[in-house]
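Visitor: Take this structure first; my questions come after.
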Amino acid sequence: MLFYEIVKIMQNELAHPHQYNNPELLYQSLEREYLREINSLVYQLNHSRDEEARNLLAKIQETDRLYLKARGLDIIAHILFSRHGECRLLGQKKLGLSPNTAISEAAEQNMATTNQLSGALLFYPLHNQTPLIAVSPMNRAMQTASLVLPREIRNADIRVLPCLTEISIAPSGYDVRSLADMQTLYNQLSFWTSPIKKLLLKLSLWMYSDQDFSKLYEKRRRAAEKIQQHGNEILSDDDKPDVVQSLNFQGSKINETRAVIERLDHQDGWFFGHGKNFRAFFEDVFNIKSDFDYGETRRIYKTVVNGTSSFHSPPYVLVISQKNGTIKAKYTGASCVPISKKSANATLPATGEVLPDISRAMSQLGSSLDHKAIAEAIPEAAECVAKTPCSESQIPEYRPLMNKS
3 MLFYEIVKIM
13 QNELAHPHQY
23 NNPELLYQSL
33 EREYLREINS
43 LVYQLNHSRD
53 EEARNLLAKI
63 QETDRLYLKA
73 RGLDIIAHIL
83 FSRHGECRLL
93 GQKKLGLSPN
103 TAISEAAEQN
113 MATTNQLSGA
123 LLFYPLHNQT
133 PLIAVSPMNR
143 AMQTASLVLP
153 REIRNADIRV
163 LPCLTEISIA
173 PSGYDVRSLA
183 DMQTLYNQLS
193 FWTSPIKKLL
203 LKLSLWMYSD
213 QDFSKLYEKR
223 RRAAEKIQQH
233 GNEILSDDDK
243 PDVVQSLNFQ
253 GSKINETRAV
263 IERLDHQDGW
273 FFGHGKNFRA
283 FFEDVFNIKS
293 DFDYGETRRI
303 YKTVVNGTSS
313 FHSPPYVLVI
323 SQKNGTIKAK
333 YTGASCVPIS
343 KKSANATLPA
353 TGEVLPDISR
363 AMSQLGSSLD
373 HKAIAEAIPE
383 AAECVAKTPC
393 SESQIPEYRP
403 LMNKS
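When you line the sequence shown up against this note's numbering, it's residues 3 to 407, in that order.
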């Protein structure tokens, strides 16, 4: 039985509450079928090519939409979070001493064709929206955005946001663009309160020159010029055009990121940034504590029920391969809603009867899980991502719960 057929049967059963007195069990059955379908689609995607992959990405989105609709949740915005491309601690970052590090040359070459497929990750048709593109001003995020943004986007609202700069104690994670910037930060730090930061900055000042920063500037400028092709200009009109910079960002990066998302209305938002920042955001909002891999892209749906908005994180993550630029996925088995917010109780349209709190039920079903926890608890579930879908015994088959005789 196809997933949309199962959803239709369940919606019919929910429309007759007097014949079926436990809607929460029905929602649990829906959850199991949703996880089964996503697991299968992820497996197919990871063994697909080109146009087939595009169709499967669309099917995954449609499955999310049907599931949320059956839950009584209307999607009012769609957001993607992409970590930058490969930039290794022992390679490009030089143990954190290489300031404002760029992505590896191999990653830059391998993601050169990603923009041919990445349009399949968008939720809304481009002719009906102005997508938001939010990018960290740091080199590796700018480079990644310039390579990954769908080639068909030409009307985006593009913003370079200092709140997306990396959370770091090392120069590789600072938005520094000259030796003078590094000296400024060094002078502001006290050895007694920030000994490691001050020591690392001192080492970087000894090791790097303005010539190194000139090379980084050229990479950042070229990336910004490519990003601008998708919408508004982001380079300044100075003698040396550059993107906005904030050496001393003040405020909560999580709160400012969330504020940008809250303003999205029936449009896609795509954030390009750093693993530590995005992990902190997902841990704060969903209690998901897993790290972002290079090129990992997670999506959330902004939803509304009875006038109350919330977020939904589906039970998979997308990954832009650093070896060939293709888009694959990892099944996580965790379908999550925010830990700090609960949507209002849904009401059956036919009878006015109040159903159980959807967000609470969904949270109980999956919000405490993360990649590492799944791998530890069910080792075979981690293996099924790369090899085969989870076994039928792991995700029980749905059977209509209403007696139709």
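Cβ atoms here follow ideal geometry from the backbone N, Cα and C, with glycine treated the same way.
(1) Near L124, which residues of its chain fall below 6 Å by C-beta distance, leaving aside the five closest residues on each side in sequence?
(2) Is the distance from the Cβ of L151 to the Cβ of N130 below 8 Å?
(3) Keeping to the same chain, check which residues put their C-beta closer than 7 Å to that of M140; ignore five residues upstream and five downstream.
(4) Using DSSP with H/G/I as helix, E/B as strand and the rest coil, what is I169?
(5) Examine the ligand MG and report whether any of its heavy atoms sits within less than 7 Å of the Cβ of K325.
(6) Closest to K332 by C-alpha separation, out of K10, N41, A147, E227, would be which residue?
(7) Determine the direct distance from the alpha carbon of G277 to that of G74, and round the result to whole angstroms.
(8) May I ask you to report which of helix, strand or coil DSSP gives I263?
(9) The beta strand (DSSP E) spanning L82 covers which residue range?
(10) Below 8 Å on the Cβ atoms is my guess for I72 versus M12; work out the distance and round it to an integer in Å.
(11) Would you call K95 buried or exposed, if buried means 16 or more other Cβ atoms sit within 10 Å of its Cβ?
(12) Just the Cα atoms here: how many angstroms apart are E298 and G327?
(13) Output the boundary residues of the beta strand (DSSP E) element that contains Y303.
(14) Starting from A331, follow the beta strand (DSSP E) in both directions and report where the run begins and ends.
(15) Below 8 Å on the Cβ atoms is my guess for L70 versus T305; work out the distance and round it to an integer in Å.
(16) Could you round the C-beta distance between Y317 and L37 to whole angstroms and report it? I think they count as a contact, below 8 Å.
(17) What number of angstroms, rounded off, separates the C-alpha of D214 from the C-alpha of R224?
(18) Am I right that G98 and L163 are in contact with their C-beta atoms under 8 Å? What's the rounded C-beta distance?
(19) Let me make sure I understand the geometry here. Which of D76, Y210, R142, T115 has the alpha-carbon closest to that of I329?
(20) Measuring alpha carbon to alpha carbon, tell me which residue in Y303, R142, L82, L119 is nearest E107.
(21) When the Cα of R265 is compared with those of I229, D159, Q252, which residue comes out closest?
(22) Can you tell me whether F288 is helix, strand or coil according to DSSP?
(23) Suppose only complete runs of 4+ residues qualify. What are the alpha helix (DSSP H) ranges in the stretch 179 to 262, listed by chain order?
(24) For A104, which three-state DSSP category applies?
(25) Quick check on this structure: which residue in S248, R156, Q46 has the alpha carbon closest to the alpha carbon of K228?
Guide: According to the structure data:
(1) Closer than 6 Å at Cβ, skipping near neighbours: D270.
(2) Taking 8 Å as the cut-off, the beta carbon of L151 is found no closer than this to the beta carbon of N130.
(3) Sequence-distant partners of M140 (beyond 5 residues in either direction) whose C-beta falls short of 7 Å from its own C-beta, in its chain, are N102, T167, E168, D177.
(4) Coil, per DSSP.
(5) Of the ligands one can find in the structure shown there are none, so the ligand MG has no counterpart to examine.
(6) The alpha carbon of K332 has as its nearest neighbour, out of K10, N41, A147, E227, the alpha carbon of N41.
(7) If you take the alpha carbons of G74 and G277, they lie about 32 Å apart.
(8) Note: I263 maps to helix in three-state DSSP.
(9) Residues 76 to 85.
(10) First, the residue type needs correcting, since residue 72 is Ala and not Ile in the sequence shown. Yes, A72 and M12 are in contact; Cβ-Cβ is about 6 Å, under 8 Å.
(11) Per the 10 Å Cβ criterion, buried.
(12) About 12 Å.
(13) In the DSSP annotation of this structure, the continuous segment of the beta strand (DSSP E) that includes Y303 starts and ends at 298 to 307.
(14) Run containing A331: 329 to 333, per the beta strand (DSSP E) assignment.
(15) A Cβ-Cβ distance of about 6 Å is found for the pair L70 and T305, placing them in contact under the 8 Å criterion.
(16) The sequence as given places Pro at residue 317; Tyr does not occur at that position. Separation of the CB atoms of P317 and L37 is rounded to 6 Å, and the pair is thereby assigned contact status at 8 Å.
(17) Distance between the alpha carbons of D214 and R224: 16 Å.
(18) That pair is no contact at about 23 Å.
(19) Ranking the options by Cα distance to I329, first place goes to T115.
(20) Considering only alpha carbons, the answer is R142.
(21) Per the Cα distances, D159.
(22) Helix.
(23) Secondary structure remark: continuous alpha helix (DSSP H) runs of at least 4 residues inside the stretch 179 to 262, in chain order: 181 to 190, 197 to 209, 212 to 230.
(24) In the three-state reduction of the DSSP assignment, A104 falls in the coil class.
(25) For K228, the closest of S248, R156, Q46 by C-alpha to C-alpha distance is R156.
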